[in-house]
Amino acid sequence: MSRRGRKGWRRAASRALALGVWGVVAALLGLAVFAYDLPDVNRAFRPTRAPSIIVLAADGTELARVGEIWGRPVPLHEMAPELPLAVVATEDRRFFQHFGLDLLGLARAALANLRAGRAVQGGSTITQQLAKNLFLTPERTWKRKIQEAMLAFWLERRFDKEEILTVYLNRVYLGAGTYGVDAAAKRYFDAGARELSLYQSALLAGLLKAPSRFNPLSSPERAHARAVQVLENMAALGFVTEDEVRKLDLSERPARARARATEATAKPSARYLAEWVIDQLSDFVAVGDRDLRVETSVDSRLQGAAEAAVARALEAKTPGGPEQAALVALAPSGAVKALVGGRDFGQSQFNRATQARRQPGSAFKPVVYLAALEAGLSPEARFVDGPFSIAGYSPRNYEGTYAGEVTVAEAVARSINTVAVQVAVETGLARVVEMARRLGLGDEFEAEASLALGTAEVTLLDLVQAYA
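If you want it as structure tokens, here you go:
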């Protein structure tokens, strides 16, 4: 090598070394900046009392006060043995191998997200989730993610895997206002964490991905499908055998567990409303160990009138009449003014205003006509009210009679079924489905002709909100 070549190599090596040193210094300074305002890690392990949640009407009337939504701390060895395994199999299958961050999991999630063109997988470990739940706020920033990683490292050095998993399972939010597996087990199954079956353990583990979406009380079929996925994950990792999964009674559903310990201190009849309000909290605030006062738009006078109206209707005891009823009253803005979910919350916690799905029938027709008018259809446009078929579907009018040629305005006024279907088809069923989605009726409707006559199921609250 020539003298000039050796000098060039030395200069390049010196520059690389200098860059490396400055890179290390910059990294250390960066870590120091992120570590400067890390929270006090010791405070997270101090005993805390259960929070209190007070639900208020718009005029300040107390509708309900809720306490003890945190279950008692349960050591890992006192839980059903399948429960921690179900959580690990679903949330962090390399939990017992990684050091707080799962680099393979992060790479796998990044690849899946890149292929999908959107976020379909997360790479957070159980330790990272615990760090976020214990120490950090819900905001999503790069600074918070780096602090989350630093705290995960600290947790892994300070505690063993069993301790980390124990704290996580006793702190995590599991829907329906419950924190920790003991509270969730009581809420969904009226049982302790020790008494859970394999299927029930899988169902609780499935809640972690999206507690509201997979709530077994409001969405039992969705929760069941998620539980089956958890069982498949467990079998794939050898936590259970495929034979054990096959022998399970997968028709099992969550028992109608007793309601959360709620006392309606102002109006006992407001329990359905109060429970629904509390279930929405996690979508708006980070519910921790602090007390909350939830101010709602509910009119206490209208709420009382609604409860009385439902009670009178059910007390009439008409032969063949309804056993249950629901009522929703909204302001034009969509704010809830009154909500009744059934006859007696003590006998049945199933909220028929927010959970029961029914076919709206002719109440859906305005959605069809709104989509049509938006697409340019004139109220004076003419259609023939008569028998016809489309793709094997033959709509009929309620009375079985037909009026011949009518305008759209006449068809709306007389609620003519055949014209509603023709208008939906001419407008485009996809447009009708999109209009239903825009009005808040859901996004899972099938684009078929019978949709025009309200065959798709919706909740009462969604239907009333669409009209509001």
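In the numbering used here, the protein residues as written are 955 to 1422.
In this text, a Cβ means the ideal position worked out from N, Cα and C, and glycines have one as well.
Computed from a prediction, not measured in an experiment: that's the story for all the values here.
Nonlocal neighbours in the same chain, by C-beta distance under 8 Å from residue i, ignoring five residues either side
i, result
"residue 1422", "1284, 1285, 1286, 1287 and 1288"
"residue 910", "Only positions 955 to 1422 of the chain appear in the structure, and residue 910 is not among them; the question remains open."
"residue 1291", "1251, 1252, 1253, 1256, 1257, 1283, 1284 and 1285"
"residue 1321", "1386, 1389, 1390, 1393, 1395 and 1420"
Sequence-distant residues of the same chain with beta carbon closer than 6 Å to residue i, five excluded per side
i, result
"residue 1152", "1036"
"residue 1264", "1279, 1281 and 1294"
"residue 1352", "none"
"residue 1138", "1128, 1132 and 1158"
"residue 1414", "1280, 1282 and 1307"
"residue 1199", "1185 and 1189"
"residue 1397", "1391"
"residue 1194", "1188"
"residue 1053", "1110"
"residue 1011", "1017, 1252 and 1254"
"residue 1410", "1399"
Three-state secondary structure (DSSP) of residue i
i, result
"residue 1294", "strand"
"residue 1397", "coil"
"residue 1334", "coil"
"residue 982", "Reliability fails at residue 982, whose pLDDT of 42 lies under 50, so the model's placement of it is uncertain and the value that follows must be treated cautiously. Helix at residue 982."
"residue 1476", "A query on residue 1476 cannot be resolved here, the shown segment of the chain reaching from 955 to 1422 and no further."
"residue 1130", "coil"
"residue 1048", "coil"
"residue 1057", "helix"
"residue 1018", "strand"
"residue 1009", "strand"
"residue 1197", "helix"
"residue 1233", "helix"
"residue 1352", "coil"
"residue 1118", "helix"
"residue 1217", "Since pLDDT at residue 1217 reaches only 39, below the 50 mark, its modelled position is unreliable, and the value read off the structure follows with that caveat. Three-state DSSP puts residue 1217 in a strand."
"residue 1344", "strand"
"residue 1253", "coil"
"residue 1416", "helix"
"residue 1422", "coil"
Within 9 Å, strictly: CB atoms of residue i and residue j
i, j, result
"residue 1374", "residue 1407", "yes"
"residue 1468", "residue 1017", "For the chain, the structure presents residues 955 to 1422; residue 1468 sits outside this window and is missing."
"residue 1349", "residue 1401", "no"
"residue 1337", "residue 1362", "yes"
"residue 1134", "residue 1119", "no"
"residue 1132", "residue 1141", "yes"
"residue 1318", "residue 1405", "yes"
"residue 1187", "residue 1034", "no"
"residue 1412", "residue 1314", "yes"
"residue 1084", "residue 1121", "yes"
"residue 1147", "residue 1009", "no"
"residue 1328", "residue 1297", "no"
"residue 1233", "residue 1145", "no"
"residue 1115", "residue 1102", "no"
Bounding residues of the beta strand (DSSP E) (the contiguous stretch that carries residue i)
i, result
"residue 1359", "1358 to 1361"
"residue 1281", "1281 to 1284"
"residue 1247", "1246 to 1249"
Endpoints, alpha helix (DSSP H) assigned at residue i
i, result
"residue 1038", "1036 to 1045"
"residue 1289", "Premise fails: residue 1289 is in no alpha helix (DSSP H) and is neither H nor E."
"residue 1030", "Run containing residue 1030: none; DSSP gives neither H nor E here."
"residue 1305", "Counting along the chain, residue 1305 falls outside any alpha helix (DSSP H), and DSSP gives it neither H nor E."
"residue 1168", "Counting along the chain, residue 1168 falls outside any alpha helix (DSSP H), and DSSP gives it neither H nor E."
"residue 1136", "1135 to 1143"
"residue 1320", "1319 to 1328"
Close Cβ partners of residue i (< 7 Å) along its chain, the five nearest in sequence each way excluded
i, result
"residue 1379", "1344 and 1403"
"residue 1325", "1381, 1385, 1386 and 1389"
Next on the checklist: Closer than 8 Å is the cut-off here; do at least three beta carbon pairs connect the stretch 1156 to 1170 with the stretch 1047 to 1059?
Outcome noted: The stretch 1156 to 1170 is not in contact with the stretch 1047 to 1059.
Item to check | Cβ contact check for the stretch 1299 to 1311 and the stretch 1339 to 1357: 3 or more pairs under 8 Å | outcome: The stretch 1299 to 1311 and the stretch 1339 to 1357 do not touch, with fewer than 3 CB-CB distances between them shorter than 8 Å.
Next on the checklist: For the structure I just gave you, are there three or more beta carbon pairs, one from the stretch 1169 to 1187 and one from the stretch 1078 to 1087, closer than 8 Å?
Outcome noted: No contact exists between the stretch 1169 to 1187 and the stretch 1078 to 1087.
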